[in-house]
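Counted from 1, the sequence shown has number 215 at position 215 by the UniProt record's numbering; the numbering is strictly sequential.
Note that beta-carbon positions come from the ideal geometry of N, C-alpha and C, so glycine has one too.
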Amino acid sequence: MSLAQQEQALFALLFDSERQQQFCQHGIAALADFGLSRTELADFRHIRASALQYDSQLRIDFILAQFCRALPLSFSLIKALTGSVDFIRQQLSYEVMQQETSKRLLHFAKQLKPAITRQAFANRTLLAILAAETAMISTSYQLKMAYSQGKPFDTKSVLDAHWQTRPLRIADYVSVSVLPLSYPILKQGLCPYLGSELWHYLQQSNSDHAEPLTFLHQEDPRLLVSLAYISHHSPCDMTIDHTTIELSEGFAPLLDAVDGELCVNQLLAYLQKAGAPHPLLQSVAMGFRHLLQQGMLIFND
Numbered sequence: 001m002s003l004a005q006q007e008q009a010l011f012a013l014l015f016d017s018e019r020q021q022q023f024c025q026h027g028i029a030a031l032a033d034f035g036l037s038r039t040e041l042a043d044f045r046h047i048r049a050s051a052l053q054y055d056s057q058l059r060i061d062f063i064l065a066q067f068c069r070a071l072p073l074s075f076s077l078i079k080a081l082t083g084s085v086d087f088i089r090q091q092l093s094y095e096v097m098q099q100e101t102s103k104r105l106l107h108f109a110k111q112l113k114p115a116i117t118r119q120a121f122a123n124r125t126l127l128a129i130l131a132a133e134t135a136m137i138s139t140s141y142q143l144k145m146a147y148s149q150g151k152p153f154d155t156k157s158v159l160d161a162h163w164q165t166r167p168l169r170i171a172d173y174v175s176v177s178v179l180p181l182s183y184p185i186l187k188q189g190l191c192p193y194l195g196s197e198l199w200h201y202l203q204q205s206n207s208d209h210a211e212p213l214t215f216l217h218q219e220d221p222r223l224l225v226s227l228a229y230i231s232h233h234s235p236c237d238m239t240i241d242h243t244t245i246e247l248s249e250g251f252a253p254l255l256d257a258v259d260g261e262l263c264v265n266q267l268l269a270y271l272q273k274a275g276a277p278h279p280l281l282q283s284v285a286m287g288f289r290h291l292l293q294q295g296m297l298i299f300n301d
């Protein structure tokens, strides 16, 4: 008997909605292309369609509750715009589930964007939020892979009297995104719960209409800089969290200019030549200092 092929067939029944529907309608004929013997196929005759659907739903909700930890704003806004979580459930496809366990969340997040852009409820706010959360998921994945491979990590730079004259680079596992509003304001307005509890709340509060989101009309774009770090690890588990800093949207081109060669004084000189007032130059210098202190920028000399 090929237990591996039976496992593949069962996996498809649980997470491939079309295959599951075919099985519920036509029984084991839906598994004809798995190359199973009659004896192996006979094991599937005992699976009740209702039990399969229930088991599948439980597994999907458990997985999405975990994904919701990394995509709280995106999930909450989709729910608010559509009135339900049906669209989110539909995106946990068989293709996503076929990915390696460590890659599923990132693959899921990346394929959300094209799926959303095809929908009537798509808007710039949702896409900006999704881009920010996907970027943090990506740096988390990169950090996990680097740790598992024993790669060295950047250490925070020690600021000295000459810190403004030393070339800078963006540290590893840092993401930079522009949000329409401050992250805490978005979280307060969209997420009444945290972690997996948020998913349970979202699925239990379905409605037939979208929710009013008047607070999103007060645009105040912020630059969200996030650094992934390991907050807990053991032989069988690892937790990644993020340190975040918010800056004005105007700081974005300055970070874009950080290339490992320029120093803060050079960037300030460009701004001064462009007519920037002294208070702005001081504010920019303090912004760079804060990023260095948090380990989001490091010296490159």
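Practice item. Give the secondary structure of A122 by DSSP, where H, G and I count as helix, E and B as strand, and everything else as coil. Key: Three-state result, A122: coil.
Review point. Going along the chain, which residues of its own chain have a beta-carbon closer than 6 Å to the beta-carbon of Q6, five neighbours each way excluded?
Key: So the list reads E40, once near-sequence residues are dropped.
Point to revise | Residue span of the beta strand (DSSP E) that contains H233, given as start and end | key: That run of the beta strand (DSSP E) goes R222 to S234.
Review point. Is the distance from the Cβ of S175 to the Cβ of T139 below 8 Å?
Key: Taking the C-beta atoms as reference points, T139 is found nearer than 8 Å to S175.
Practice item. Could you tell me the distance, in whole angstroms, from the CA atom of H162 to the CA atom of P277? Key: Between the alpha carbons of H162 and P277 lies a gap of roughly 23 Å.
Exercise for review: For C236, count neighbouring C-beta atoms within 10 Å of its own C-beta (all shown protein chains included) and say buried if the count is 16 or more, exposed if not.
Suggested key: It is exposed - the Cβ of C236 has fewer than 16 other Cβ atoms within 10 Å.
Review point. Are the beta-carbon atoms belonging to N300 and R118 less than 8 Å from one another?
Key: For the 8 Å CB-CB criterion, N300 and R118 do not form a contact.
Review point. Taking the alpha helix (DSSP H) that H242 falls in, what are its first and last residues?
Key: Element bounds for H242: not the alpha helix (DSSP H) but the beta strand (DSSP E), D237 to S248.
Check your understanding: Mind checking V158: buried by the 16 CB within 10 Å criterion, or exposed?
Key -> When all chains shown are included, V158 counts as exposed.
**Study point:** Which residues DSSP lists as bridging S177, in chain order
**Key:** Partner(s): L224.
Practice item. Would you mind working out which of L36, R48 and F121 sits nearest H26, comparing C-alpha positions? Key: Closest option to H26, Cα to Cα, is R48.
Review point. Does DSSP classify L159 as helix, strand or coil?
Key: Note: L159 maps to coil in three-state DSSP.
**Study point:** Residue closest to F15, alpha-carbon to alpha-carbon, out of L190, Q57 and G83
**Key:** Measuring from the Cα of F15, the nearest candidate turns out to be Q57.
Exercise for review: Would you decide whether K156 is buried or exposed? Buried here means 16 or more other CB atoms lie within 10 Å of its CB.
Suggested key: It is exposed - the Cβ of K156 has fewer than 16 other Cβ atoms within 10 Å.
**Study point:** A131 versus K144, S84, C191 and S74, residue with shortest Cα-Cα distance
**Key:** For the residues K144, S84, C191 and S74, the minimum Cα distance to A131 belongs to S74.
Review point. Which word fits Q272, buried or exposed, when buried means at least 16 other C-beta atoms lie within 10 angstroms of its C-beta?
Key: Looking at its Cβ environment, which holds fewer than 16 other Cβ atoms inside 10 Å, Q272 is exposed.
Exercise for review: Would you decide whether C20 is buried or exposed? Buried here means 16 or more other CB atoms lie within 10 Å of its CB.
Suggested key: Residue identity differs from the one stated: residue 20 is Gln in this sequence, not Cys. Answer is buried; the Cβ neighbour count reaches 16.
Practice item. Consult DSSP for F299 and reduce its assignment to one of helix, strand or coil. Key: In the structure shown, F299 sits in a strand (DSSP, three-state: E or B).
Review point. DSSP three-state call for L262: helix, strand or coil?
Key: Here L262 sits in coil by DSSP.
Check your understanding: In angstroms, rounded to a whole number, what distance separates the CA positions of W199 and V264?
Key -> Put simply, the backbone Cα of W199 is about 43 Å away from that of V264.
Check your understanding: Quick one: what's got a C-beta closer than 6 Å to Y270's C-beta in the same chain, skipping five residues either side?
Key -> Nothing listed; no residue qualifies.
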